[in-house]
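Below: one structure, written as structure tokens.
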Amino acid sequence: MKIIACYSNKGGVGKTATAVNLSYALADAGYRTLLCDLDPQGASSFYFRVKPSKKLTETKFFDDVERFTKSIRGSDYDNLDILPANMTFRDFDVFLSRMKNSRSRLKKALKSVKSDYDVILLDCPPNISTLSENVFSAADGIVVPVIPTTLSQRTFQQLEEFFRENGLPPKKLHAFFSMTQGVKSLHGQTMDEMRKEHKKRFLETQIAFASDVERMGVHRAPVVATAPRSAVAVAYRQLHNEVMERLNKA
Amino acid sequence: MYLVPASALDAFSGAPSGKLTALLTRSEDDSAFDLLDTFDEDLRQRGMCLLQVGADLNLWTSDRGMLEQSGVGAPAGFVADLPSGPVKDALGCVPALRSLVPLGQGHLSSAQLALVDEEEKTQARAKFHVLTTEAGQGVAIARLQSLRGYDKAFGQLQNDLALAGAVPLTDAHPLKALFPDHQSYVAKPKLDLAKDATAFETANAIIGAYLPVARRNEQGVIDDVDVEYLHDYRIALRKIRSVLSLFKSVYSEKQTEKLKQRFSDLMAPTGRLRDLDVYLLEREFFFDLLPESLHGGLERMFEMFAAERGQAQQTLSKHLKSKGYEAEITKLIHLFDTPKKLHAGPAADAPAHDFASALIWKRYRKICKIAAGIDDQTEDEEVHELRIQCKKLRYLMEFFKPAFPKDEFKSLIKPLKKLQDNLGLFNDYSVQQESLKDFLEGLGAGDHAGNMQLAQSVGALIAVLHQRQLAERQKVVESFAAFNSPETQATFRDLFHGGEG
């Protein structure tokens, strides 16, 4: 079982769209996938039409693995389940420490309810705090969408610094350029700079800004499912391939 | 998995289901299918349904769900000849000698039913394979899919389907639903006899039931689908003939003789083809018995058998299609449909139970007498006689089964079967040796080298078969003792001789 975190310390970068489409691409490729919606501002469960579970706001929730598994919902797609969460900060912390400290226990619990997932994808809240450290150490890889702007350049540097300061392996970071716009020459320039500056951190795949992604809110479904032949869907699949290739190598 | 009337599907479209709404999506695909099974519907009886759609096989099973396999030639034929795949694996249960045949045709399409909530989130789903016939009959095989965390909706879906007339696939079969006029082939028809039926009525009922069994197998013999058609055809006739010889004095002497002759004449043209079928079935067995150095001669022999079989099959096929045959079998069927024209004999009005008791008891006593005289030194003829008498006893008991208590009868049949297995093998080895000798004697003088090769192999084979026969022969005394236990003796006395003897 692999744990992938979808994380950004900056909002509005297409993180949730990434989590939604990446999870779909994983499931479609045959991985039994659980998407955990951990971002109260995000809406990955909304895109799958799954209603947030009331039970999930209870503080002690994650002490009880059975109740955790009980609130998992099947998506409309094969191999893809959703944990619709709307949890408190503290729950999130407890959840992560469980992931980190007793991965085998969690795995066992999941197995006991016949849901041994191949991949657990976490759609994480967009802040950097000491608590985020747990995400970073629990996950096998952290997928970070980055809009190629000067501001994003700074935030990504902060993230890398955070990793170094806290003794976390930066090679777990798999950044990619998100919402890129071909007409903006600044984008191209920034991307060149960042690739040079953060060698090996950036994936080849770029996800261009696309109205298809914007329309996801209307369809309430992954664009990879509704418009599988669109350029952006192809790009998300490529992202999936690249991420899994890297994780399987690690 | 469930079977749902196809007509019920449209009613789901947009219908409310509790707090949810049912959405039906029909796919555009539509392809012709053949419903495959063995002639005796082995798959249906195991709760399986097999469709061939072009080069694809779809198999529904009760324990493994739905299986698919492609790259299959048409027609599918024997399971052993299918390319390997999940459907072939699951069809391992099909008797090796039986070919898969199309029992019905129709069109296959698919549809999907989803129960969605107000967010249009699917909470439960059913996938349908919709089967329709030219005659307008339609059923859908439904596979239900539960989505994690939506158990209630799944229960709702099951409920909705049940209300629409869905039944578990294990309790219903598309064959019956799609082809209501289809008559299933039954090799051993159940006799519908009153408890106080007479011997005459019983004999007529048995013959009247087995004649159509023979008829049902004709086309399969003509088309040469598999060897079981001829085998069943002959068994049906043999049962009829044993009624005529075992039910003494039920028909007048003249009538009996006449009928015996007519059924013997029906049987006669089938003998050679069956013999050759049996030889060819023994192919592997014979090859295993001999060292590879002697396989050349066997190869040669089997080539000759195969060539002769082709001719024999054509001859029989021509005979079965002839006007003379058609007229004769039609007359016989008519005769037993209206038995008034049959001349009854002195024992005709005897109650079946008493009549059978006397016959079975007599036969059993005879068997005991023969068996008592058998030891290691007895002539083979005596063992053959024992086998024949046991066979007659078995037939009698099978015929009159309805007239006797079930459990006691079963307790006799089982050890009798075991004894017959032993005697049967003894006989098979003996018959094989005889026919191999005949084969050698029948060889032409032409090809000297070829004949030498044949003689070597066949000679060795006869020697091996002789050893096998001796080994079976050794077991006979023991097998009989096992059959004729004190319990068996007591049961025979109780059932057929008023507890005396």
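Protein chains in written order, with numbering that gives the first Met the number 0: chain A, 0 to 249; chain B, 0 to 500.
Yeah, the Cβ is synthetic: ideal placement off N, Cα and C, and Gly gets one too.
On a predicted model such as this, the values are computed, not experimentally measured, just so you know.
Backbone CA spacing between residue i and residue j [nearest angstrom]
| i | j | result |
| --- | --- | --- |
| LYS183 (chain A) | ALA207 (chain A) | 12 Å |
| GLU207 (chain B) | GLU384 (chain B) | Checking the displayed sequence, the identity of residue 207 (chain B) turns out to be Gly instead of Glu. The alpha-carbon atoms of GLY207 (chain B) and GLU384 (chain B) are separated by roughly 29 Å. |
| ARG72 (chain A) | LEU192 (chain B) | 60 Å |
| GLY13 (chain A) | LEU25 (chain A) | 18 Å |
| GLU118 (chain B) | ALA134 (chain B) | 41 Å |
| HIS239 (chain A) | ASN78 (chain A) | 15 Å |
| THR132 (chain B) | SER30 (chain B) | 12 Å |
| THR56 (chain A) | PRO39 (chain A) | Interpretation of THR56 (chain A) is limited by its pLDDT of 48, a score under 50 that renders its predicted location unreliable; the figure taken from the coordinates is listed afterwards. Taking the straight line joining both Cα atoms gives about 11 Å. |
| TRP59 (chain B) | GLU132 (chain A) | 51 Å |
| SER429 (chain B) | VAL220 (chain B) | 28 Å |
| PRO144 (chain A) | ASP115 (chain A) | 28 Å |
| LEU19 (chain B) | LYS69 (chain A) | 21 Å |
| ALA357 (chain B) | CYS389 (chain B) | 16 Å |
| GLY497 (chain B) | MET396 (chain B) | 17 Å |
| VAL511 (chain B) | LEU435 (chain B) | Residue 511 (chain B) lies beyond the stretch modelled for chain B, which goes from 0 to 500, so this question has no answer here. |
| GLY29 (chain A) | LEU143 (chain B) | 21 Å |
| ASP139 (chain A) | LEU202 (chain A) | 16 Å |
| TYR184 (chain B) | GLN376 (chain B) | 46 Å |
| SER244 (chain B) | LYS259 (chain B) | 8 Å |
| HIS465 (chain B) | GLN432 (chain B) | 7 Å |
| ASP276 (chain B) | ALA371 (chain B) | 36 Å |
Residue-chain proximity (residue i, chain A), Cβ-Cβ < 8 Å
| i | result |
| --- | --- |
| ARG147 (chain B) | yes |
| THR121 (chain B) | yes |
| GLU67 (chain B) | no |
| GLU307 (chain B) | no |
| GLU551 (chain B) | Residue 551 (chain B) lies beyond the range of chain B shown here (0 to 500); nothing can be said about it. |
C-beta neighbour in chain B for residue i, strict 8 Å
| i | result |
| --- | --- |
| ARG31 (chain A) | no |
| GLY171 (chain A) | Contrary to the premise, residue 171 (chain A) reads as Lys rather than Gly in this sequence. So no, LYS171 (chain A) is outside the interface. |
| ARG163 (chain A) | no |
| SER70 (chain A) | yes |
| ASP117 (chain A) | no |
| VAL143 (chain A) | no |
| ARG214 (chain A) | no |
| ASP75 (chain A) | yes |
| ASP27 (chain A) | no |
| LYS50 (chain A) | yes |
Spatial neighbours of residue i in its chain, beta-carbon cut-off 6 Å, leaving aside the 5 residues before and after
| i | result |
| --- | --- |
| PHE153 (chain B) | ALA123, SER145 |
| ALA232 (chain A) | VAL222, VAL223, ALA226 |
| PRO188 (chain B) | ALA208 |
| PRO338 (chain B) | ASN203 |
| LEU90 (chain B) | VAL78 |
| ALA213 (chain B) | TYR232, ALA235, LEU236 |
| ALA343 (chain B) | PHE199 |
| ASP33 (chain B) | GLN51, PRO101, GLN104 |
Other residues of its chain near residue i: CB distance less than 7 Å, five sequence neighbours each side excluded
| i | result |
| --- | --- |
| LYS87 (chain B) | GLN68, VAL78, LEU81 |
| SER61 (chain B) | GLY46, LEU168, THR169 |
| TYR324 (chain B) | HIS318 |
| LEU2 (chain B) | VAL138, ILE140, ALA165, VAL166, LEU168, ALA171, PRO173, ALA176 |
Contact check, residue i vs residue j, beta carbons under 8 Å
| i | j | result |
| --- | --- | --- |
| LEU453 (chain B) | GLY309 (chain B) | no |
| LEU8 (chain B) | ALA139 (chain B) | yes |
| SER43 (chain A) | LEU33 (chain A) | no |
| ASP225 (chain B) | ARG97 (chain B) | yes |
| LEU160 (chain B) | ALA141 (chain B) | yes |
| LEU114 (chain B) | HIS128 (chain B) | no |
| PHE162 (chain A) | ALA174 (chain A) | no |
| LEU424 (chain B) | SER478 (chain B) | no |
| THR255 (chain B) | ALA351 (chain B) | no |
| LEU265 (chain B) | LEU315 (chain B) | no |
| ALA4 (chain A) | CYS123 (chain A) | yes |
8 Å Cβ shell around residue i - same chain, five flanking residues per side excluded
| i | result |
| --- | --- |
| ALA158 (chain A) | According to the sequence as given, residue 158 (chain A) is Leu; it is not Ala. Excluding sequence neighbours, LEU158 (chain A) sits near ASN8, ILE127, VAL143, LEU172. |
| ALA489 (chain B) | none |
| LEU150 (chain A) | LYS9 |
| PRO250 (chain A) | Because residue 250 (chain A) is not part of the residues shown, which for chain A are 0 to 249, the question remains open. |
| THR179 (chain A) | ILE146, PRO147, HIS186, MET190, GLN205, ILE206, ALA207, PHE208 |
| ARG245 (chain A) | GLY140, HIS173, LEU202 |
Contact test: residue i Cβ vs the ligand ZN heavy atom, cutoff 7 Å
| i | result |
| --- | --- |
| VAL145 (chain A) | No copy of the ligand ZN appears in this structure; indeed no ligand is present at all. |
Cβ of residue i within 8 Å of any chain C Cβ
| i | result |
| --- | --- |
| ASP80 (chain A) | Absent from the structure: chain C. Protein chains present are A and B. |
I'd like the ranges of any alpha helix (DSSP H) spanning at least 4 consecutive residues and lying wholly in the segment 5 to 65 of chain B. Here the runs fully enclosed are 41 to 44.
Hey, which unbroken runs of the alpha helix (DSSP H) at 4 residues or more fall wholly within the segment 24 to 52 of chain A? 43 to 46
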